[in-house]
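Asker: Chains as they are written, first to last, in this note's numbering: chain W, 1039 to 1213; chain D, 1039 to 1213.
Glycine included, each C-beta is placed from N, C-alpha and C at the ideal position.
Could you have a look at this structure, given as structure tokens, before my questions?
Protein chains: 2
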Amino acid sequence: MSREVTILRLGHRPDRDKRLTTHVCLTARAFGADRVLFPRSDSAVRRTVEDVVDRFGGTFELGEAPNWRAFLKAWEGHAVHLTMYGEHHTDVVPEVPDDEDLLVVLGAEKVPREVYDLVDHNVAVGDQPHSEVAALAVLLYELNGSDALTAPREDAEIRVLPSARGKRVSSLDDA
Amino acid sequence: MSREVTILRLGHRPDRDKRLTTHVCLTARAFGADRVLFPRSDSAVRRTVEDVVDRFGGTFELGEAPNWRAFLKAWEGHAVHLTMYGEHHTDVVPEVPDDEDLLVVLGAEKVPREVYDLVDHNVAVGDQPHSEVAALAVLLYELNGSDALTAPREDAEIRVLPSARGKRVSSLDDA
């Protein structure tokens, strides 16, 4: 894929949001995004995510964007904001260019009004309250397709193989 | 839809899992499931979910299944278990009958081996570790379609309307 996908997570509070942000990061990675940026580094989230990258491979990265406003204004690709108040994702997805890098803004608590104006699209996955993890998953699933979920990853140590019962894991170590 | 969809959440620990289980419940509701059962009632989860149902409508419910083994053995419809070790969801979804009630088993920590044997299908949304919220969303999305996400809900007090910028909410109160 030529397009890189970056997730900008607003307002991560380390104590309260640790597990949800970890789910956001792992979902972003599994569904084909390249990186997640959050306000400040969280060592617990980082440890869990880096451990998954070490074992399951690929080049997914975590980074910091302490000033979301400056970051969003300087962003040169396409930008969408996931919010239940946006346009239907089925209408927006065909409008997202595949030859520009994509930023997906994910709110936590209350999102400042300015965010709605600084992006190209405000996009809703359904019109009901649910979860930023679910919304991100479906948006990336529609953008990247189901093949992204099972694409081989570089430098993986292990790979899970599909199985009707139980667990089958293949070890890919060179050793 | 004639088929009812029930989510069985294994191993909810009230302190640690409150927010993730809330996301599971709201995702289940938004994507067209009918109920979530967990080991014991959690008043914080219940308050949040019931508040959403009161305002946004529909008949979604929470319940308890203190003994998952007995529940699973007595289940008379189709049953799938979401696990990264399962068969690809793209292969399983066409095999799920639409004229039988469906149970979706969602693990938390380590899932007992017995679960893998008591269901009709073990199903993986991708072969990477991510989030039970994301996996549930994509499975229900594939089963129920995107229309389920915007279907009108009975007795809703408010409805969110799609909007390019900002928030548009319609009040549906009879008063």
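1) Distance, Cα to Cα, S1100(D) vs R1073(D)?
2) Pick out whichever of E1147(W), T1188(W), S1201(W) has its Cα sitting closest to the Cα of R1054(W).
3) I need the straight-line Cα distance from E1042(D) to V1043(W), nearest angstrom please.
4) Cβ atoms of G1095(W) and P1200(W): under 9 Å apart, would you say?
5) In whole angstroms, what is the alpha-carbon distance linking H1061(D) and E1195(W)?
6) Kindly identify the DSSP beta-bridge partner or partners of R1047(D).
7) S1169(D): which of H1050(W), L1048(W), V1090(W), S1079(W) sits nearest, CA to CA?
8) Measuring alpha carbon to alpha carbon, tell me which residue in R1093(D), P1104(D), L1178(D), L1120(D) is nearest D1155(D).
9) Any Cβ of chain W within less than 9 Å of the Cβ of H1061(D)?
10) Please list the terminal residues of the continuous alpha helix (DSSP H) segment that includes H1061(W).
11) What span of residues does the alpha helix (DSSP H) with F1076(W) cover, start to end?
12) Determine, using beta carbons only, whether P1175(D) and T1065(D) come nearer to each other than 9 Å.
13) Look up T1097(D) in the DSSP assignment and say whether it is helix, strand or coil.
14) Would A1213(W) count as contacting chain D if we go by Cβ distances under 9 Å?
15) Relative to the C-alpha of R1085(W), which candidate in A1173(W), A1108(W), T1059(W), G1070(W) has its C-alpha closest?
16) Inspect the beta-carbon positions of G1164(D) and A1068(W) and report whether they are closer than 9 Å.
17) Give the DSSP-derived three-state secondary structure of R1206(W) in the structure shown.
18) So is V1207(D) buried or exposed if we call it buried at 16+ other beta carbons inside 10 Å?
19) Mind checking which residues open and close the beta strand (DSSP E) that includes V1118(W)?
20) Measuring only the C-alpha atoms, how far is L1110(W) from K1205(W)?
21) Would you say D1165(W) lies against chain D (beta-carbon separation less than 9 Å)?
22) Chain W partners of K1111(D), CB-CB under 8 Å?
23) Could you tell me which chain W residues have their CB closer than 8 Å to the CB of E1125(D), listed as they occur along the chain?
24) Quick check on this structure: which residue in V1131(W), E1192(W), V1157(W), A1172(W) has the alpha carbon closest to the alpha carbon of L1181(W)?
25) Which residues in chain D sit within 7 Å of S1209(W), going by Cβ to Cβ distance?
26) From what residue to what residue does the alpha helix (DSSP H) around V1161(W) run?
27) Shorter than 9 Å from the beta carbon of F1076(D) to some beta carbon of chain W?
28) What does the Cβ neighbour count give for D1158(D), buried or exposed, with the cut at 16 atoms within 10 Å?
29) From P1052(W) to R1107(D), what distance separates their C-alpha atoms?
30) In chain D, what lies closer than 8 Å to R1073(W) by C-beta?
Answerer: The answer reads as follows:
1) Correcting the residue type first, residue 1100(D) is Leu in the shown sequence and not Ser. A direct Cα-to-Cα measurement between L1100(D) and R1073(D) gives close to 6 Å.
2) For R1054(W), the nearest C-alpha among the options comes from E1147(W).
3) Going from the Cα of E1042(D) to the Cα of V1043(W) covers about 36 Å.
4) No, the Cβ-Cβ distance between P1200(W) and G1095(W) is not below 9 Å.
5) Spanning the two alpha carbons is a distance of roughly 31 Å.
6) Looking at the DSSP assignment, R1047(D) forms a beta bridge with L1144(D).
7) Looking from the CA of S1169(D), the closest CA among H1050(W), L1048(W), V1090(W), S1079(W) belongs to V1090(W).
8) Answer by Cα proximity: L1120(D).
9) Taking Cβ atoms only, chain W reaches closer than 9 Å to H1061(D), which makes this a yes.
10) Note, H1061(W): alpha helix (DSSP H), 1052 to 1068.
11) F1076(W) -> not in any alpha helix (DSSP H); beta strand (DSSP E) instead, spanning 1073 to 1076.
12) One point to set straight first is that residue 1175(D) is Ala, not Pro, in the sequence displayed. For A1175(D) and T1065(D), yes; Cβs fall inside 9 Å.
13) T1097(D): coil per DSSP, three-state reduction.
14) Bear in mind that the predicted position of A1213(W) carries a pLDDT of just 47, short of 50, making it too unreliable to give a figure here.
15) Answer by Cα proximity: T1059(W).
16) The answer is yes: Cβ separation under 9 Å.
17) Strand.
18) By the 16-neighbour rule on beta-carbons within 10 angstroms, V1207(D) is exposed.
19) 1116 to 1126 is the span of the beta strand (DSSP E), which, as asked, contains V1118(W).
20) When rounded, the distance between both Cα atoms is 43 Å.
21) Interface flag for D1165(W) against chain D is set, since a Cβ pair is found closer than 9 Å.
22) The premise fails here: K1111(D) is roughly 17 Å from chain W at the closest Cβ pair, so nothing lies under 8 Å.
23) What E1125(D) touches in chain W: P1200, S1201, A1202.
24) It is V1131(W) whose Cα lies nearest to the Cα of L1181(W).
25) Per Cβ cutoff of 7 Å: no residues; S1209(W) is ~14 Å from chain D at best.
26) Following the DSSP letters along the chain, one finds V1161(W) in no alpha helix (DSSP H) but inside the beta strand (DSSP E) bounded by residues 1159 to 1162.
27) No, no contact with chain W.
28) That one is buried.
29) Pairing P1052(W) with R1107(D), the inter-Cα distance amounts to about 36 Å.
30) For R1073(W), no chain D residue has a Cβ inside 8 Å of its Cβ, as the nearest lies near 16 Å away.
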